[in-house]
Structures are given as C-alpha cells and as structure tokens.
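Just so you know, the sequences run in chain order L and V.
Mapping to our numbering: the first sequence position 45 is 49, numbers consecutive.
Mapping to our numbering: the second sequence position 69 is 301, numbers consecutive.
All C-beta atoms, glycine included, are put in the ideal place defined by N, C-alpha and C.
Small disclaimer: the values here were computed from a predicted structure and weren't measured.
Take a look at the structure set out below.
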Amino acid sequence: DAGVTQSPTHLIKTRGQQVTLRCSPKSGHDTVSWYQQALGQGPQFIFQYYEEEERQRGNFPDRFSGHQFPNYSSELNVNALLLGDSALYLCASSLRTGRDQETQYFGPGTRLLVL
Amino acid sequence: AQSVTQPDIHITVSEGASLELRCNYSYGATPYLFWYVQSPGQGLQLLLKYFSGDTLVQGIKGFEAEFKRSQSSFNLRKPSVHWSDAAEYFCAVGAPLFGNEKLTFGTGTRLTIIP
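Structure (structure tokens):
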C-alpha cells in the first residue's frame with residue numbers, strides 16, 4: 005500500500021520564478037492538503053482540495069494556487085517566488101468520509117530553496 | 233480559531249529515562265488531537281490521535297497521550313526512551329465541527345537523547 009508521495013524532493017529557484025510541486029495521495033484517499041513548514045516552525049496550512057475544488061484556504065496570498073486531478077493527485081503552484089517562500093512543502097492526504105476520515109497522512113515533503 | 237502551544241522548545245533526556253512532552257490547545261469544543269514526529273529532513277509520521285472516548289490513547293513506538301479537558305492538554309509520554317526517539321515532535325489540533333479540515337500545529341519540541 006503506497007503512502008503519500010511527493011516530487012521533486014529538492015528544488016532550487018530564483019526570486020520571481022514560478023514553481024510547481026506534485027503530490028500523489030495514499031491509496032484510497034480523495035482529499036489532499038498542502039502545508040508550508042519554514043525552518044524551525046510547525047507546518048502552516050495552505051489549502052485543501054477535494055473533488056477537484058479548493059475547499060478551505062489558510063492565510064496565504066494568491067501567488068499560491070493549486071489543482072487536483074481526477075485521480076486525486078494534486079499540484080501546488082507558487083508564482084513570483086520570494087526569498088521567504090523557502091521552506092519544506094508537505095502534502096497530506098485523507099479520506100473525506102468514512103472510517104479514519106479525520107486523519108491526515110503526510111508525505112516526505114519537497115524542500116524549496118529560493119535564491 | 234483553534235491554536236496549539238508547545239511550551240518546551242527543546243528537551244534533553246537520558247536513554248532509558250521517561251519522557252513527557254507538553255501540549256496545550258485552544259478550541260471551543262472537544263477537538264481532534266494528534267501527535268506527529270518528524271526526523272531530520274523527513275515528513276511527518278503520525279504517532280497517535282484522539283477523537284473521543286477513552287482519554288488515554290496508545291500509539292506507535294510505545295508512546296501514549298492523555299487528553300485532559302479541564303487542563304486543555306494532550307501531553308505525550310513514553311516510559312523509557314530509546315536513542316532512535318530523537319526527533320522533532322508536533323502536536324496538532326483539528327476542528328470536528330467542520331469535518332475533515334485543516335490541522336493547526338504547534339511550533340514543535342525537539343527531543344535530544346543522551347547516552
């Protein structure tokens with residue numbers, strides 16, 4: 005049973021560029037959430053996708069956008085990168101209804117460095 | 233809005249000693265509560281969770297946590313730590329009133345194990 009996978013594992017970009025991060029949820033899961041974890045901090049919620057729609061959003065600017073595909077995988081896009089966007093980006097998957105619906109399972113993350 | 237406080241930024245314990253990591257939450261009702269562990273450069277692994285019922289919950293790797301409503305706490309314990317327990321530990325709260333929604337994390341407690 006495959007867990008949550010993310011790609012790439014590491015990424016280096018320069019200020020002003022755009023980046024796309026990818027996530028495949030745990031088998032059987034239909035909901036994907038994205039979190040940003042700055043160095044030395046706890047993860048901060050960016051947004052959540054279910055049925056290919058953004059269902060909830062945290063306190064992040066519109067430069068952060070996402071997409072969910074029919075196979076439940078998801079992308080996180082960040083435009084006009086700032087130095088402060090350097091962080092570990094974590095994807096978490098869960099099941100919208102049914103047993104264990106409340107639990108989010110995390111992937112290994114993508115570490116983004118903006119120079 | 234919910235919030236989580238982890239008062240201890242860094243804890244050092246000897247191998248074989250007992251451990252307690254503190255977590256206090258703020259939420260208007262009984263929340264969903266989680267403990268995750270993160271090894272350096274890795275994603276988050278779920279240790280245990282509380283939704284309802286028995287206030288003492290057992291998790292993986294010999295960890296347990298106790299939900300105390302009167303103290304708004306969900307402290308993590310282990311009777312005897314192993315060197316492999318060295319990691320960052322995060323407490324998180326979810327809001328059951330809104331279903332499967334975002335998690336709010338504390339800032340984490342870094343655990344160091346000395347021989």
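According to the neighbour-count rule (16 or more other Cβ atoms, all chains shown, within 10 Å of its Cβ), is residue i buried or exposed?
i      : result
V/T287 : exposed
L/I50  : buried
For residue i, which of helix, strand or coil comes out of DSSP?
i      : result
V/I243 : strand
V/G294 : helix
V/S316 : helix
V/R301 : helix
L/G88  : helix
L/G70  : strand
V/C255 : coil
L/L80  : strand
V/F266 : strand
L/R115 : strand
Using the C-alpha atoms, what's the distance from residue j back to residue i?
i      : j      : result
L/L85  : L/V23  : 8 Å
V/L251 : V/V269 : 14 Å
V/S305 : V/G326 : 14 Å
V/I345 : V/S316 : 8 Å
L/F110 : L/R26  : 13 Å
L/T9   : V/Q277 : 13 Å
L/Y54  : V/Q234 : 22 Å
L/K30  : L/P47  : 19 Å
L/A42  : V/S284 : 32 Å
L/G7   : L/Q108 : 11 Å
Checklist entry - Between the segment 110–117 of chain L and the segment 90–102 of chain L, do at least 3 Cβ pairs fall closer than 8 Å? => result yes
Checklist entry - Are the segment 28–37 of chain L and the segment 98–108 of chain L touching, with three or more C-beta to C-beta distances below 8 Å? => result yes
Checklist entry - Does the count of Cβ pairs from the segment 297–304 of chain V and the segment 244–263 of chain V closer than 8 Å reach three? => result yes
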